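Report on the structure given below.
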Amino acid sequence: MADDAQNDTEMEGTEELNQNQEEESEERDSTDGSEDEHESELELKIAALTKQISQNPYVYDNHIEKIKALRELGDLHRLRDAREEMSKHFPLTEELWLEWLHDEIPLASDENERKKIEKLFEKSFDDYQSVPVWLEYVQFAIGRMGEKEGLVTVRNAFEQALTAVGLHVSLGSNIWEAYREFENALLAGLMPQPGAVVTKEEEEAFAIQNQRVITLFKRQLAVPLLHMQDTLKEYKDWLGQDDIDPDTQAAFSKALQTVNSVQSLEDKLLTSEAPHLEAYQEYIAHELKTEDPARIQCIFERALKDNCLNAELWMQYTAYLDKLKFKQQITSAYERALRNCPWSSVLWVKYLLAMERQNTSFNTMKELAEKALLAGFSHSGDYLAVWCQYCDYLRRRIDWEQDHEETLETFQLTIERAIDFMFENYGKDGDPEAILQQFWAVIEAKYCKNLEKAREIWNQVMQAGHGSEAALWLQYYRLERMYGDNKHCRRILQKALNSVTDWPESITQAYINFEREEGNLEQYDTAVTKCEAQMERINERRAKTRRNHKNMDLVMARWKTNMSISKRLLKTLTLPRKLKGRYCNSFFLSHAVKFLSWITSTAQWRPCIPYTQVSDEPPSKRLKEDISLYIPDSHQSGEGLGQFHGQSVRHDPSKDNVTAFISNLDFSLEEERLKEVFQKCGEIVNIRLVRNYKGKSKGFGYVEFTDSNAVLQALKLDREFVDGRPMFVSRCEDRTVAKQPPQFKFPTQLEKNKLFVKGLPFTVTKEDVEAIFKEHGKIKEIRMVTYRNGSPKGIAYVEYEDEQSAGQAVLKTDGLVIGEHTVSVAISNPPERKTPLSTRMAAPVGRVPNLGSGKKETDFRGKARTQVSLLPRALRQQAVPGNSTTTLGAKDGALSEKTSDKPAMNNADFRAMLLKK
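Numbering (the working numbering), first residue to last: 348 to 1264.
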């Protein structure tokens, strides 16, 4: 029985064990399945990112995501290649370098692999000065103690680290303390065992090592570092005495005084928000006063580590290094600056100058110039600056005293290429002052004695659209005066006299002075006669232009006044619907006929409403009197006023401060929907929509609140989309009271931190735009430009929190293809408002010639075939021969004159005829 029970127990245990093994196997299989699925997802993600990087390697986040995915997948070889690829296009941050080094160092098993790690460290030092990276480097060096000359390698590593970051006020002590701990460990190893006999060699080695530790303490105490009092206390404890030598004490006191002077600046860096630019600038200004190059470079490096995309900070640093004239440091600084800010043409120009000062070879300079021109600048001025600097360098290469055929030919070919490049890509605006061509002409005339070539260059300048500019003609004249002859000088001045429009007085003065100095009496008299005749013609044109402008301004003012009176008059009338249409047409038609008659003839226009004469009476009083002339007797009593044009909404002007005016609303929108929109602003008294005679909304109205603070909150809803349309919200103001003209809501000047994006597909949303541009920096605001009905224009403004992010985004996104649309991205620089259309069309990149709305720049519009004449039949009847009437032909609207003895009808006659009296 016992054996049977034992067998049953063993069988049950075996079954349970088998069951557990099966469960573990199933769990392993499911885990392996989920891992395989995850790996497949990672592979798909990596493949997609690889494709995106191959198409555009300048998207920073794509590299980061690919490295992250490969690291998770554990594919070391592809991970190494991905990091190398990113390092080619971008400097890596401290975190990226540490992660890379931590992955590579454990795998270094032989000498060749350790040398590769050292090269990796050197590359990291070229990007930014980082204390943690230097600590990792000395730790790597300590790991090589077992090699030959291992101790020397470690000490050299520590000395390099101290040179690079030993002056870092807040973190430099980490390097010093690590160095002392290493030397203390060596000293402890030289300590004799208790009871052991110490040899003379061991005693000398111990004394030397002990002196090394003391020297390190003294060196550290002489450097201004935070918490240096603790280091002093540690030194005294190590010595076992409270007093130290006077020299060390003096050095410590001087360093402590320096620390106290920068303590407040270090505190600002700790409390300010990243990237601490203002705090760093204040710190740099303080250090520049001390004139200590090592400390100044250290604070610059600290600032650039946090503000690596700030081109102005790099320019400030490189300018300081240029003064020091340390060749190796200057070259390294410019290379690092342009890895971070390749879009800065100023940095490229300064780099070319610095390399020229170092007598760099021609091939190297040529490579630098070509690389600069491939940087992808956003403005023509950037390319022009680089071309000018490179051409200056080529001109300085020419030794006119020696054989210079080759160098001169290089200069000529290059400057010709530069001129063609600027004109083909940017037209006349590429080099608006023809700087390159002026420079070339001077070289040909002064050094090559080739006046024919110089004149040919200047003729090309004038034919390229500069012929009306006096300044360029005067430059051409001065060149000819210096290196040419009087015959050509006279010819240039005569051509300029007939061509210049912007400043003809300068040409006439130059022409007359030239003949006074060089010509005879006949030539002088000819010059005076030509100049006087030309100036007379110019003054006549100027006077005519001024008269035309003055007349047009007067006509437009009268037109606006009469139209305003007509509209207000019609609002006060209560007429049958049919009569209303006739009456309305008669008023607006009378203005249209008179305006067209003035435009198509030279006769003085006299509007049909008496309010056209200048009067000292208040506008409101004159307006009431003029309106009363046209109100029928049946309506003079005032009954039914305000009902002619729809339902009137009376507003109390005393409540303007608590009322918001809303417009551009959808006609189907009702008060309840508006209440939902505005209830978050404050307590609402009522909402009044203006409606037409059918009771339908006109798309505007008033929202009255209990206090003015709610109005301020409501104004923030301006341009917010409500049921698919941007709603306009403004203060409620009396338009009859003179006030400042309305200001455009958005800035109209250059904004370096804002991008102008055009060419977007109409299906792109605000969220899509944010997803594209947030990769390049922190976005402050995105504004999608739409028509009044809410339809997109394919245009957006993206505002970053700093200029560096905007510059980086332009470089990376300009020319991006979305669907079938190529997106254009530039720094926002709108054209001046109310500028002519032709000026806007020639505006630089980033300015919008026409957004499809607003006032058109054309003065006339051609008559369409389907355009209907609005002239009543009574006025289009054929005139009886012998009578005199002015009619507007039904066919083409041309004015014709007939003779008649019948007196002209006045306004009262027209009113009686229209009302059938």
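Using N, Cα and C, we set each Cβ at its ideal position, and we do this for glycine too.
Computed from a predicted structure; not experimentally measured.
The beta carbon of Y871 sits closer than 8 Å to those of I859, E862 and R863, all from its chain and outside the five residues before and after it, given in chain order. Contact check for Y681 against T707 fails: the beta carbons are separated by 8 Å or more. Here G587 is exposed: its Cβ has fewer than 16 other Cβ atoms, across all protein chains shown, within 10 Å. If you check the CB distance, V570 and L514 come in under 8 Å. Straight-line spacing of the CA atoms in N710 and C738 works out to 14 Å.
Taking every protein chain shown into account, the CB of V847 has 16 or more other CB atoms within 10 angstroms, so this residue is buried. A811 sits away from A801, with the two beta carbons spaced by 8 Å or more. Beta-bridge annotation (DSSP): Y1147 is paired with I1126. Taking a C-beta distance under 8 Å as the contact criterion, E1067 and S1175 do not qualify as a contact pair. Looking at the DSSP output, Y1049 bridges to F1008 and R1035. Scanning its chain for C-beta atoms nearer than 6 Å, with the 5 sequence neighbours on each side dropped, one finds around Y730 the residues F724, in chain order. The bridge partners DSSP lists for R744 come to none.
In its chain, beyond the 5 residues on either side, A1007, I1009, A1061, L1062, L1064 and D1065 have a beta carbon closer than 7 Å to the beta carbon of V1076. In this structure T1053 is in contact with V1005, their Cβ atoms being roughly 7 Å apart against a cut-off of 8 Å.
Our two residues, K1113 and E1146, have alpha carbons roughly 13 Å apart in a direct line. DSSP places S853 in the uninterrupted alpha helix (DSSP H) bounded by P851 to E865.
Beta-bridge annotation (DSSP): P1139 is paired with T1133. Under the three-state reduction of DSSP output, P1073 falls in the strand class.
With respect to E1148, K1121 sits apart: the two C-beta atoms are not nearer than 8 Å. L694 and A701 do not touch by the CB rule: their CB atoms are close to 10 Å apart, not below 8 Å.
CA-CA distance, Q1151 to A658, rounds to 8 Å. Within the same chain, no residue comes within 6 Å of M809 by CB-CB distance, once the 5 residues on both sides are set aside. Fully contained in the stretch 432–499 are the following alpha helix (DSSP H) runs of length 4 or more, in chain order: 441–451, 458–474 and 478–489. Per DSSP, I555 is one residue of the alpha helix (DSSP H) stretching across K547 to L568.
The DSSP-derived three-state label of N654 is coil.
Assigned with DSSP and collapsed to three states, T1110 falls in coil, not helix or strand.
Boundaries for N797: no alpha helix (DSSP H) harbours it, and the DSSP string shows neither H nor E there. Using a C-beta cut-off of 8 Å, the stretch 590–608 makes contact with the stretch 559–573, since at least three inter-stretch Cβ pairs fall below that distance. Only buried fits V1157, as 16 or more other CB atoms lie within 10 angstroms of its CB.
Excluding sequence positions up to five before and after L420, its CB lies within less than 6 Å of the CB of L389, all in the same chain and listed in chain order. At a Cβ-Cβ threshold of 8 Å, A857 and L868 do not count as neighbours. Excluding the 5 residues flanking it on each side, L603 has same chain C-beta neighbours closer than 8 Å at P571, M575 and Q576, in chain order. Cα atoms of E613 and L1036: separation of roughly 60 Å, rounded to the nearest angstrom. The Cβ atoms of S1044 and L1021 do not sit closer than 8 Å to each other. In the three-state scheme derived from DSSP, where H, G and I count as helix and E and B as strand, K1099 is classed as strand.
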